[in-house]
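Participant: Following this message is one structure expressed as structure tokens.
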Amino acid sequence: MAKDKTNLNGIKRFISFGNIIIPLLLAFIIGSIFSILSRCNPFTLYGYIIKRAFFSVGGILNTLGYATPIIMTGIATAFSIKAGIFNMGIEGQVFVGAFASALAGYMIKGLPAFIHIPLCLLIGAVCGALYALVPGLLKAKLRINEVVTTVMMNSIATQVTGFLTQSYLGTGDAYAHTEFILESARLTKIISKYRCTTAIFIALVIWLIIYFVLKKTKFGYEIECIGRQWEFSDSVGMRVSRKVIIIFVLGGLIAGIAGATEIMGVNYNFVNTFSANPGIGWDGFYACILSASNPVGILIYSIVFGALRYGALAAQTWLGVPLDLINVIKSTLVLFSAIKLCSVYSEQIKSFFSRKKATKVAKQLQEE
Amino acid sequence: MGSILIQTKEITKKFGDFIANDKINIAVEEGEIRAIIGENGAGKSTLMNMLYGILKPTSGEIIYKGKPVSFESPRDAIELGIGMVHQHFKLSPSLSIYENIVLGSETIKKIKFGKKSFGGVLIDRKKEMAEIQDLVDKFNFNLDITAKVRDISIGAKQRVEILKMLYRNVNLLILDEPTAVLIPSEVDDLIQRMQDLKKAGKTIIIITHKLNEVKMCADNITVIRGGKVIGTVHNDDNTTDSDLAEMMVGRPVLLRVKKSGKMPGEKIVYSVSGLSANDFEGKKILNNISFNIHENEIIGIAGVEGNGQTDLMLALSGLLDISEGKVTLNDEDITGLWPDELRRYKIGIVPEDRYKQGLCLGLPVSWNLIAGIHGSSPFCVHGIMQKASMQENKQKLVKDFDIRLGSDDPAVGSLSGGNAQKVIIAREFSKHPQLLLVSQPTRGVDIGAIEFIHNEILRMRDKGAAVLIFSSELSEVVGLSDRVYVMYKGEFVGVFNSSEVSFNELGLYMSGVKRMTREEIFTNG
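Protein chains in written order, with our numbering: chain A, 1 to 368; chain B, 1001 to 1525.
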């Protein structure tokens, strides 16, 4: 009996492992097809990306630089998804945070760096949080579906910031951008020519705090309950509507910081394309979905996505493979993970294993 | 009595490792009313679902009219003449009664061209209505077949469900817990209808756990326990309720609650005056509700489901806004407080739907046992959860309240109904409440656990608590309480001393036939 149980656990582990590995394989196979179509040996491509992203100090720093905002947006998404709230508006909140800190970076003058930097971060965070407050209030007070409102508000954020950059706040240059932020508002780079800045530490601290909050605190306990069953949570006195607002605001806060660090560490001014396509908010969302909101998983996937972002850029330059190929891989990865093939066919897998065991036993009996 | 109509041979159903039905042999004769009784989870419904083609047996066979049969779906069963009425009705509220009955097997009008006729697309309403009116008259079903289903009473809905089966010409009718939702007079009527059907040659299998009703209608009674047939007895004067209960549970049980001699005190603990509330759209759902509960007193609220009991419970537990009125606890105003604030006043709340509001199914027992008090010491110190004291608390409560867990700290969703309810009872009763708001304490709970829960409630009363009980089981409300209020359409329409009132009298008030004036309620209450 005990042996049977370990066997069953083994199968369960096999299934959850398969749920991670099979989508990866399928995504890379489909990526390979497109890689071949763009006349590049897929193995060369993947090898090149891995080599560029991980096998030099500069590569690692660039990868981490690209991963930094994704860690933040990923953990911000996880925070709300754990509570059963589909806050798809992280991208919009990133934009608002980035835009606000870009303005604060050049408009506020004459401050020393140790005040100017935190101030810009704070302004970005608060603006992101305020932007998230709107769908939060709509959901908590009027029960309006948050997916609809947040997705719509993403468009509003990207379009309005883009418009303002082109018109009132632009510089009149050939491409639309705001003025460069002052030196006193810029984050320090770890090594000057690579992407990674001190923002990585901010990201890691935020990650640690959220991890601790989710695992250990009363608030984490309540989020777990609300995410599973909000009626229960309401009835035992967790004041779900109020918590919903808090969760939205905290998510927006982190997203705002993510946007601010991108401006203050990498771009130094606001351009409408700073977040690339798909944006860092969406990469965080993917990382969260792929790791089922597990904080450690988010950290790992953020770094993988960072590597893909950087590696793809390098591959475009040196191998002539279009950047969009990486988006194909990322999207198929999310798609196949959503299917969870191994869980769908779990019965068949179980019966396959038990049949194999049965033939084994039969064989043994025959030999005896 | 005729020949054997349906028979199972060694029929077994497994769900994974769990054996729901273990080699069950039963044989039902033609024209018989057979009761299948057993506790929740004994396997009654599994067995019936196999007879009706919803589930497929793992092994064994079903023999119908002498021939082995196997069903792919309920449709096959109905074609052979086996029909089932489920506990939860499957009717479309916006259609009329006769439309519901014919749904899925409508009569199509024939189109005539000269001498030839073709199947058309139009429904022959006149013919359908005539056929159904005949059926209604034949069995005295007393229904206006053109009325919309949403406007008719629950008892009438049940008759519609039965008619649905009769229209499809079934010989064997399976009724799953048919009396669970009915008021006493409707139960009597149902039993009368069953006798009529029997006279017309139909065979009936009724699944239930209410012993007194079984005694009133069944010819033979089969008892199932733990997926096995314990025995089949002929229903005559020699079989008593307590014998049957003992067969169901496997040990002697107390069927009546034993109240202590302690009388309710003078001091008013909980007082509600003039309470009204509106729903989300602004419609009044609770109207001017007033009552007091003294120490050592249990107040029961009786009523047909859907007459505002759910809303009253929500309003009192802080989940529905109170538009007018005042609620006090020991003369302190607690109107409109949040559920967590109410809990701080030592109010224990056992909500109506334990799987939605009472428990978080995916989380372990130890987590569920602290919900509501999770923010206070010793479970939470400076905002950080204390896993060790959660475990300690779980061990203590599991022992005190005899909660049976399969493993060390399983998810609550894996517990049986009785044990799941005990988790809530343990959580709410262990903090020494001065007021208990209890809704449906024993719904879907097995007899053994019912006895335990009733005793716990009475123990709290004797310790001085004020208790308010809502239940759709009339015997439970009356049996436990000192006074009972009747609710009808969001209002109190009567109040009685529980030891003096008869079920039939209560039934008249519950169905709105009789009502007391506001002054009468005030002076009697």
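All C-beta atoms in this analysis are idealised placements derived from N, C-alpha and C, irrespective of residue type, glycine included.
(1) In this structure, how does DSSP classify Thr1335 (chain B) when only helix, strand and coil are distinguished?
(2) Listing by chain order, which chain A residues have their CB less than 8 Å from the CB of Ile1384 (chain B)?
(3) Which chain B residues are close to Val369 (chain A), counting only those with a beta carbon under 7 Å from its beta carbon?
(4) Skipping 5 residues on each side, what residues in its chain have a beta carbon closer than 6 Å to that of Thr178 (chain A)?
(5) Please report how far the alpha carbon of Met1 (chain A) lies from the alpha carbon of Phe1018 (chain B), in whole angstroms.
(6) Just tell me which of A:Phe180, A:Lys139 and A:Gly18 has its CA closest to the CA of Met369 (chain A).
(7) When the Cα of Glu1177 (chain B) is compared with those of B:Met1048, B:Ala1027 and B:Glu1520, which residue comes out closest?
(8) Per DSSP, Val1229 (chain B) is paired with what?
(9) Can you name the residues that DSSP bridges to Ser1096 (chain B)?
(10) Which chain A residues sit within Cβ distance under 9 Å of Gln1357 (chain B)?
(11) Evaluate contact between the stretch 82-95 of chain A and the stretch 140-149 of chain A, counting only Cβ atoms and requiring at least three cross-stretch pairs below 8 Å.
(12) Spatial neighbours of Ile1063 (chain B) within its chain, please: C-beta separation below 6 Å, excluding the five flanking residues on both sides.
(13) When we look at the beta-carbon of Glu222 (chain A) and count the other beta-carbons within 10 Å, is it buried (16 or more) or exposed?
(14) Let me make sure I understand the geometry here. Which of B:Gly1226, B:Gly1231, B:Arg1159 and B:Pro1093 has the alpha-carbon closest to that of Ser1045 (chain B)?
(15) Straight-line CA distance for Thr73 (chain A) to Leu333 (chain A)?
(16) Quick check on this structure: which residue in A:Thr198, A:Gly162, A:Lys109 and A:Thr188 has the alpha carbon closest to the alpha carbon of Ala176 (chain A)?
(17) Apply the 10 Å Cβ neighbour rule to Ala1420 (chain B) and answer buried if 16 or more other Cβ atoms are within range, or exposed otherwise.
(18) Between which two residues does the beta strand (DSSP E) harbouring Arg1483 (chain B) extend?
(19) For Leu1415 (chain B), name the three-state secondary structure that DSSP assigns.
(20) Helix, strand or coil: which one does DSSP assign to Met1 (chain A)?
(21) Are the CB atoms of Ile1450 (chain B) and Lys1422 (chain B) nearer to each other than 8 Å?
(22) Using the three-state DSSP reduction, which class does Ser16 (chain A) fall into: helix, strand or coil?
(23) Please classify Glu262 (chain A) as buried or exposed, where buried requires at least 16 other C-beta atoms within 10 Å of its C-beta.
(24) Tell me the rounded alpha-carbon separation between Thr1052 (chain B) and Val1069 (chain B).
(25) In three-state terms, what does DSSP make of Ser351 (chain A)?
(26) Taking C-alpha atoms, which residue in A:Arg143, A:Gly59, A:Arg13 and A:Ala314 lies nearest to Ile245 (chain A)?
(27) Please give me, in chain order, every unbroken run of the beta strand (DSSP E) with length at least 3 that falls completely inside the stretch 1034-1077 of chain B.
(28) Helix, strand or coil for Lys1110 (chain B), going by three-state DSSP, please let me know.
(29) Would Ser1276 (chain B) and Lys1284 (chain B) qualify as a contact pair, given that the criterion is a beta-carbon distance under 8 Å?
(30) Assuming contact is defined by CB atoms lying nearer than 8 Å, are Val1136 (chain B) and Ile1154 (chain B) in contact in what I supplied?
(31) Of the residues B:Val1477, B:Arg1427 and B:Asn1504, which one's Cα is nearest the Cα of Arg1443 (chain B)?
(32) State yes or no: is the beta carbon of Glu146 (chain A) nearer than 8 Å to at least one beta carbon in chain B?
(33) Extract the residue ranges of the alpha helix (DSSP H) inside the stretch 7-91 of chain A, only unbroken runs of 4 or more that lie entirely within it.
(34) What residue from B:Ile1349, B:Met1194 and B:His1209 has the CA that sits closest to Asp1556 (chain B)'s CA?
(35) Among B:Ile1024, B:Val1121 and B:Tyr1345, which residue has its Cα nearest to the Cα of Lys1109 (chain B)?
(36) Beta carbons nearer than 9 Å to chain A: which residues of the stretch 1465-1494 of chain B have them?
Facilitator: By the coordinates alone:
(1) It is coil, neither helix nor strand.
(2) One finds Lys216, Thr217 and Lys218 in chain A with Cβ atoms closer than 8 Å to the Cβ of Ile1384 (chain B), taken in chain order.
(3) Nothing can be reported for residue 369 (chain A), as the shown portion of chain A is limited to 1 through 368.
(4) Once the five neighbours on either side are set aside, the close Cβ partners of Thr178 (chain A) are Ala102, Thr165, Leu169, Asn269 and Phe270.
(5) Because Met1 (chain A) sits at a pLDDT of 40, beneath the cut-off of 50, its placement in the model cannot be relied upon, and the point is left open.
(6) The requested residue 369 (chain A) is not part of the displayed model; chain A covers only 1 to 368.
(7) Looking from the CA of Glu1177 (chain B), the closest CA among B:Met1048, B:Ala1027 and B:Glu1520 belongs to B:Met1048.
(8) When DSSP reads this structure, Val1229 (chain B) sits in a beta bridge with B:Ile1224.
(9) Checking the DSSP bridge columns, you'll see Ser1096 (chain B) partnered with B:Lys1148.
(10) Per Cβ cutoff of 9 Å: Gln229, Glu231, Phe232, Asp234, Ser235 and Val236.
(11) In short, these stretches touch, since the Cβ pair count reaches three.
(12) Excluding residues within five positions, the ones whose Cβ falls inside 6 Å are Gln1007.
(13) Around the Cβ of Glu222 (chain A), a 10 Å sphere holds 16 or more other Cβ atoms; the residue is buried.
(14) When each option's Cα is compared against that of Ser1045 (chain B), the closest is B:Gly1226.
(15) Straight across, the Cα-Cα distance linking Thr73 (chain A) with Leu333 (chain A) is about 19 Å.
(16) The shortest CA-to-CA distance from Ala176 (chain A) to any of A:Thr198, A:Gly162, A:Lys109 and A:Thr188 is the one to A:Gly162.
(17) Taking all protein chains shown into account, Ala1420 (chain B) has 16 or more neighbouring C-beta atoms within 10 Å of its C-beta and is therefore buried.
(18) In the DSSP assignment, Arg1483 (chain B) falls within the unbroken beta strand (DSSP E) covering Arg1483 to Tyr1488.
(19) It is coil, neither helix nor strand.
(20) The predicted model places Met1 (chain A) with a pLDDT of 40, which falls under 50 and marks its position as unreliable, so this point remains unresolved.
(21) The beta carbons of Ile1450 (chain B) and Lys1422 (chain B) sit no closer together than 8 Å.
(22) DSSP, reduced to helix, strand and coil, places Ser16 (chain A) within a helical segment of the structure shown.
(23) Burial check for Glu262 (chain A): the Cβ neighbour count within 10 Å reaches 16 or more, so the residue is buried.
(24) According to the sequence displayed, residue 1052 (chain B) carries Tyr and not Thr. If you take the alpha carbons of Tyr1052 (chain B) and Val1069 (chain B), they lie about 11 Å apart.
(25) Ser351 (chain A): helix per DSSP, three-state reduction.
(26) With distances taken between Cα atoms, Ile245 (chain A) lies closest to A:Arg143.
(27) Counting whole runs of 3 or more residues, the stretch 1034-1077 of chain B contains the beta strand (DSSP E) stretches 1059-1064 and 1067-1069.
(28) Note: Lys1110 (chain B) maps to strand in three-state DSSP.
(29) Annotated as proximal: Ser1276 (chain B) and Lys1284 (chain B), with beta-carbon spacing under 8 Å.
(30) Against a cut-off of 8 Å, the Cβ pair of Ile1154 (chain B) and Val1136 (chain B) comes out as no contact.
(31) The closest CA to that of Arg1443 (chain B), considering only B:Val1477, B:Arg1427 and B:Asn1504, is found on B:Val1477.
(32) Judged by the 8 Å Cβ criterion, Glu146 (chain A) is not in contact with chain B.
(33) Secondary structure within the stretch 7-91 of chain A: the alpha helix (DSSP H) runs of 4 or more consecutive residues, fully enclosed, are 42-54 and 57-82 (chain order).
(34) No information on residue 1556 (chain B) is available, as it lies outside the stretch 1001 to 1525 that chain B covers here.
(35) Cα-wise, what sits closest to Lys1109 (chain B) is B:Val1121.
(36) For the stretch 1465-1494 of chain B, the beta-carbon criterion of a distance under 9 Å to any beta-carbon of chain A is satisfied by none of its residues.
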